[in-house]
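Participant: Numbering (this note's numbering), first residue to last: 42 to 305. C-beta: ideal position from N, C-alpha, C; glycine also. A quick note: this is a predicted structure, and the numbers were derived from the prediction, not measured.
1) If you reduce the DSSP assignment to three classes, tell me which class residue 119 lands in.
2) I'd like the list of long-range same chain contacts for residue 183, defined as Cβ closer than 8 Å, with 5 residues on each side in sequence excluded.
3) Under 8 Å between C-beta atoms, does residue 241 make it to chain C?
4) I'd like the list of long-range same chain contacts for residue 263, defined as Cβ closer than 8 Å, with 5 residues on each side in sequence excluded.
5) Note down, in chain order, each residue of its chain lying with its Cβ closer than 6 Å to the Cβ of residue 147, except the 5 sequence neighbours on either side.
6) Below 7 Å CB to CB, which residues in the same chain sit around residue 158 once its five sequence neighbours on both sides are set aside?
7) Cα separation between residue 181 and residue 265?
8) Assuming residue 211 and residue 135 make a contact with CB atoms under 8 Å, what is their CB distance in whole Å?
9) Touching or not, the stretch 121 to 140 and the stretch 277 to 297, by the rule of three or more beta carbon pairs under 8 Å?
10) Pull up the distance between the alpha-carbon of residue 304 and that of residue 290, whole angstroms please.
11) Can you look up residue 137 in the DSSP assignment and give me helix, strand or coil?
12) How big is the Cα-Cα spacing for residue 279 and residue 253?
13) Whether or not the stretch 243 to 257 and the stretch 153 to 172 are in contact is what I'm after, with contact meaning three or more pairs of Cβ atoms, one per stretch, closer than 8 Å; do they touch?
14) Considering Cα atoms alone, identify which of 45, 151, 127 is closest to residue 56.
15) Which residue's Cα is closest to the Cα of residue 189: 114, 276, 213?
16) Is residue 199 near residue 122, with beta carbons less than 8 Å apart?
17) Over the uninterrupted alpha helix (DSSP H) stretch that includes residue 214, give me the two end residues.
18) Can the beta-carbon of residue 191 be found closer than 8 Å to that of residue 113?
19) If you run the structure through DSSP and keep just helix, strand and coil, what is residue 299?
20) Taking only three categories from DSSP, how would you classify residue 147?
21) Taking C-alpha atoms, which residue in 224, 274, 282 lies nearest to residue 119?
22) Round the Cβ separation of residue 27 and residue 133 to the nearest angstrom and send it over; I've been treating them as touching at under 8 Å.
23) Look at the alpha carbon of residue 153 and the alpha carbon of residue 203, and state the distance between them as a whole number of angstroms.
24) Considering only the alpha carbon of each residue, which of 126, 83, 43 lies closest to residue 220?
25) Going by DSSP in three states, residue 235 sits in which element: helix, strand or coil?
26) Give the list of continuous alpha helix (DSSP H) stretches no shorter than 4 residues that lie fully inside the stretch 138 to 209.
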């Protein structure tokens with residue numbers, strides 16, 4: 042409870058860290074913060090060209106190159122938040138070693154600000170997707186208003202992962218490179234550039250059924266692209282498991298943080 046109170050009491054510091062991380066990556070560039078939207082757009086244009094036009098991959102749910110790009114983009118947005126959370130949280134303590142060793146402040150702020158930054162970046166991506174949908178499809182589904190229904194559990198899930206990998210990355214410095222490989226592997230194990238039906242048809246349905254990222258991607262596509270409300274029982278299970286992950290990871294972080302100054 043003292044850790045939670047300290048985190049709340051220094052929330053202004055968390056906001057500062059979030060602002061610093063948001064603008065640090067675009068500092069000195071001409072377009073500035075616009076790159077938060079342009080980066081995923083450029084990536085999805087590349088993926089659409091490669092997988093739709095060159096490889097010839099198409100989903101049954103889409104019927105044109107433009108729709109295929111939107112489908113990829115919608116799946117890529119939550120995955121990028123996941124990848125940024127893991128890649129940056131794993132080094133969040135060591136990257137701020139000077140602060141950890143010399144300044145007294147709630148260390149919980151470091152992984153929290155990293156996750157919140159990734160989530161804000163995702164919000165910019167969703168804004169860009171909304172504009173694209175309005176231009177290409179010329180309609181927006183009312184179910185987009187229900188996005189907080191999946192975004193809140195997703196944030197809980199990412200916070201749990203952030204605290205966990207922050208601890209592991211502090212004790213295991215080499216985990217940084219391993220985590221990058223894990224993120225790349227999860228991209229191909231998640232139905233972003235391939236349809237879920239492909240895994241089920243080949244007897245690999247467990248890749249989808251036990252992959253939390255697959256559920257998140259499916260939920261976003263249901264709400265944004267298809268106008269369908271996600272299954273309530275699956276949402277409840279995902280929320281409960283995410284809450285358990287967050288509580289366990291937070292307790293682990295609180296107990297381990299006293300050794301961080303010696304480790305970094």
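Facilitator: This is what the structure gives:
1) helix
2) 268
3) This model lacks chain C altogether; it includes just one protein chain.
4) 184, 269, 270, 271
5) 47, 48, 51
6) The residues 59, 62, 63, in chain order, have a CB closer than 7 Å to that of residue 158 in the same chain once the five nearest residues on each side in sequence are set aside.
7) 8 Å
8) 6 Å
9) Touching, no, given that fewer than three Cβ pairs across the two stretches are closer than 8 Å.
10) 19 Å
11) In the displayed model, residue 137 falls within coil according to three-state DSSP, outside both helix and strand.
12) 7 Å
13) no
14) 151
15) 276
16) Taking the C-beta atoms as reference points, residue 122 is found nearer than 8 Å to residue 199.
17) That residue, residue 214, is in no alpha helix (DSSP H); it is neither H nor E in DSSP.
18) Residue 113 sits away from residue 191, with the two beta carbons spaced by 8 Å or more.
19) helix
20) coil
21) 224
22) Missing from the structure shown is residue 27; the chain here goes from 42 to 305 and no further.
23) Their Cα atoms are separated by approximately 7 Å.
24) 126
25) coil
26) 138 to 143, 150 to 177
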